[in-house]
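With my numbering, the residue at position 34 of the sequence shown is 34, and numbering never jumps.
Input: a single structure, listed below in structure tokens.
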Amino acid sequence: MAGLRRGGDPFHKQSSVEMNHKFLNGNVPGGPLADKWTQYRSTLPLVAPGNKLKIEIIVVGTGLAGASAAATLGELGYRVKCYTFHDSARRAHSIAAQGGINAAKNYRNDGDSVFRLFYDTIKGGDYRSREANVYRLAEVSTSIIDQAVAQGVPFAREYGGLLDNRSFGGVQVSRTFYARGQTGQQLLLGAYQALSRQVALGNVELHTRHEMVDLVLKDGKARGIIARNLLTGELERHGAHAVVLATGGYGNVFYLSTNAMNCNVTAAWRAVAKGALMANPCFTQIHPTCIPQMGEYQSKLTLMSESLRNDGRVWVPACEGDALAIREGRKTALDIGEDDRDYFLERRYPAFGNLVPRDVASRAAKMVCDEGKGIVPTGLGVFLDFSSAIVRYGKSRASILGISQPTPALITELGEKVIAEKYGNLFEMYEKISGEDPYRFPMKIYPAVHYTMGGLWVDYNLMTNIPGLFSVGEANFSDHGANRLGASALMQGLADGYFVLPYTIGTYLSEDIRTPNMDTTDPVFAEAEASVKDRIDRLFAIRGNHSPESFHRSLGKIIWEYCGMSRSEKGLKHAREEVRALRNAFLSDLYLPGTPSELNPELEKALRVADFIDLGEMMIVDALDRKESCGGHFREEYQTSDGEALRRDEEYAYVAAWEFRGHDQDPVLHKEMLQFDSVELKTRSYK
Ligand SMILES: Cc1cc2nc3c(=O)[nH]c(=O)nc-3n(C[C@H](O)[C@H](O)[C@H](O)COP(=O)(O)OP(=O)(O)OC[C@H]3O[C@@H](n4cnc5c(N)ncnc54)[C@H](O)[C@@H]3O)c2cc1C
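Here it is in structure tokens:
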């Protein structure tokens, strides 16, 4: 069958010209784009129900991707073991997702379709993702909504009863389903309830407060994990026929990000250390609408959902003098008249206005701040203003109520009510954090690290290059190219977990039905456990003077400064030296209190920071390699005369998948060449 692979070597040589590289095969099935998934799914080898009962699968992670995968695999009859370092599966970062989830339902009858969602996602990702995966994602998006509704997820509804939609950046249709500003929470509760049912039925064994600290391979295949019981410090061996990593993104490599504080790269990085490839690690997403950083010792940034750009207008004062006066507290936004404002997104990108994609909006905000027009004391902030929307909604509500000549005060009152209905909890959250009333004064926002498009390299089956090791959700690199469109991470996590992995993992497992359960007394488990113990002991032996947190903060500053919103060859080379120096400092000056065999959050952090340092260096190497600008990767040397990203398709239309070779050697680049049969590669324009 075309493209079907069962755990073989994913490398293949493509042509004699390219012999210097090992090329990766995405194992995309043949046939027309629109039929690939259906045909493939209908002809995949299956595991018979009786055999499923004998097969064990480890799922690490209980966010939307992990919970949906574990629940579905349990429902199918596999014996699933599921792990999370949190005290409850529900604490996964997914719970924080605010704005919504995309699906090509076309409820608005505004021209949406599976193809349009596919096209928007490929274009939004700046043509750096695999066509077949993205099409499949768009195709199954509609099933996700049906599944969630059946679970009782309380999506917002219109007066007629149909599910409501709103718009997110980079598209011209309304296809985002939402539950106020708590979409992730509601979806995760749905997935958690499905998971809990399987736990109750005995199909899923749930291990909370367990952190995967190593991957176990036997004969080159993923056969288990070493987990640290975070409450006792004990190292445990867990075996299975296959391992699924649903461990989320690595945005916290920047230290300050909108991710939950505990998000980290350790599970994925332990797999990388065992030979898994890390794809496009430099593709990180900076979200334009976050509450600006206010102090040096801040440890967290807060997202203001993209949904707010449906109604909020982004601006700065047109002249530097006004911006300075605002920064110094001599003026407020209300003192700046309409003619003295620069609605820079509407000016630069009239076709999409405030709803341009995140990478474009973030860079535009940075540009005006670089010009000295920032509106917070650090100079790094712009306004997000709802006053026009309040008036517009107020007039419309007055008209519905039959009030022919409403006073300005009544218009404001009615308009604010509409805004509160749509975004009430986000406004409340903003006021609590900033101390300012966003109904009266525009919000102050600035871009911040939010999502990582890079991740473990996986083929069409969501299997990494290590046979039996799969990765789903934000932990893999698969669908978003160089920039993710808003509301598509929840879509991908749930597509992977509910609708893709449960089929594709069967392809691999159908060849494993005669393999008995893993024996965790096997030497491969003992060796993996001993190497973790050794790693931990060496960290304790350092006995230096600095906390893991302080190294993490230093790492974040380097990565943000040189591998953040804009990057240059000179800066990246300097950053690599700095990261290496930081690694030396970490290994000679780390201080860990307590002992390994107890609850020890400092040890947890240290292990994670060590992996972040290695990842940080790989991100820099990847950013150096990619001599073009695309999506979230903006190389200063490659831009158009008006400051837009300059892609170089001839040379860089590939996925860069890196093989880690230890600290003393450069990682090795493997390329998956991207082929586009259904879309024409164009300069991305939102003008
Ligand atoms: C503030 C915010 C708002 C967002 N809003 C939206 C939105 O509106 N729409 C949208 O589409 N996307 C949104 N996103 C992105 C989206 O929330 C994430 O991409 C998505 O939730 C990731 O889900 P996941 O299941 O892949 O990972 P996560 O939800 O991060 O779950 C990871 C799981 O892995 C576990 N884990 C990790 N490492 C280990 C280990 N070593 N051992 C054991 N367990 C481990 C964790 O405990 C957790 O259970 C938002 C992101 C942020 C930061």
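Even glycine gets a Cβ: it sits at the ideal position worked out from N, Cα and C.
Between glutamine 198 and valine 153, the gap from beta carbon to beta carbon reaches 9 Å or more. Between alanine 65 and glutamate 474, the gap from beta carbon to beta carbon is short of 9 Å.
For the pair proline 467 and leucine 490, the Cα-to-Cα distance works out to about 26 Å.
In chain order, Gln293, Gln298, Ser299, Lys300, Leu301, Ala448, Val449, Gly556, Trp560 place their CB closer than 8 Å to the CB of leucine 256, counting only its own chain and leaving out the 5 sequence neighbours on each side. Considering only Val216, Asp370, Thr520, Phe168, the residue with the shortest C-alpha distance to glycine 353 is Phe168.
Counting only runs that start and end inside the region 241-321, the beta strand (DSSP E) elements of at least 3 residues fall at 242-245, 284-290, 313-317. Of the candidates Lys671, Ser629, Ala623, Lys671 places its Cα closest to the Cα of tryptophan 457.
Straight-line measurement puts the Cα of aspartate 479 at about 6 Å from the Cα of serine 129. In the DSSP assignment, lysine 221 falls within the unbroken beta strand (DSSP E) covering 221-229. Contact check for alanine 67 against alanine 191 passes: the beta carbons are separated by less than 9 Å. Rounded to the nearest whole angstrom, the C-alpha separation of threonine 84 and isoleucine 326 is 46 Å.
In the structure shown, the three-state DSSP call for asparagine 425 is helix. Taking the C-beta atoms as reference points, glycine 632 is found no nearer than 9 Å to valine 579. For cysteine 630, the CB stays at least 8 Å from every heavy atom of ligand 1. For leucine 494, the CB contacts under 8 Å within the same chain, skipping 5 residues up- and downstream, are Leu64, Ala65, Ser68, Ile101, Ile144, Gln147, Ala148, Leu187, Ala191 in chain order.
In the three-state scheme derived from DSSP, where H, G and I count as helix and E and B as strand, glycine 435 is classed as coil. Fully contained in the region 15-63 are the following beta strand (DSSP E) runs of length 3 or more, in chain order: 56-60.
The three-state secondary structure of phenylalanine 386, taken from DSSP, is coil. Measuring C-alpha to C-alpha distances from asparagine 27 to each of Thr464, Ala156, Thr515 identifies Thr464 as the nearest. Comparing alpha-carbon positions, the option among Gln405, Asp642, Glu650, Leu324 lying closest to arginine 626 turns out to be Glu650. Cβ atoms of valine 368 and valine 382 come within 8 Å of each other, at about 6 Å. Threonine 507 and valine 60 have their C-alpha atoms spaced approximately 20 Å apart.
Here the C-alpha atom of glycine 455 lies approximately 10 Å from the C-alpha atom of cysteine 282. In this structure, threonine 72 and glycine 402 do not form a Cβ contact; the two beta carbons are roughly 51 Å apart against a cut-off of 8 Å. Taking 8 Å as the upper bound for CB-CB distance, glutamate 211 and arginine 228 are in contact here, some 5 Å apart. At the C-beta level, glutamate 602 and serine 547 come within 9 Å of one another. At the C-beta level, arginine 576 and histidine 663 stay beyond 9 Å of one another.
Between glutamate 139 and tryptophan 37 the beta-carbon gap is near 6 Å, inside 8 Å, which marks them as a contact. For glutamine 98, the shortest separation between its Cβ and any heavy atom of ligand 1 lies below 8 Å.
Just so you know, the alpha carbons of methionine 619 and serine 629 end up roughly 15 Å apart. Setting aside the 5 residues that flank it on each side, leucine 235 is surrounded in the same chain by Ile226, Arg228, Glu529, Val532, Lys533, each with a C-beta closer than 7 Å to its C-beta; the list follows chain order. Across the set Val360, Gly415, Lys373, the C-alpha of Gly415 shows the shortest separation from the C-alpha of serine 387. In the three-state scheme derived from DSSP, where H, G and I count as helix and E and B as strand, aspartate 359 is classed as helix. Under the three-state reduction of DSSP, leucine 201 is assigned to helix.
Aspartate 87 and glutamate 413 have their C-alpha atoms some 43 Å from each other. Per DSSP, arginine 583 is one residue of the alpha helix (DSSP H) stretching across 569-589.
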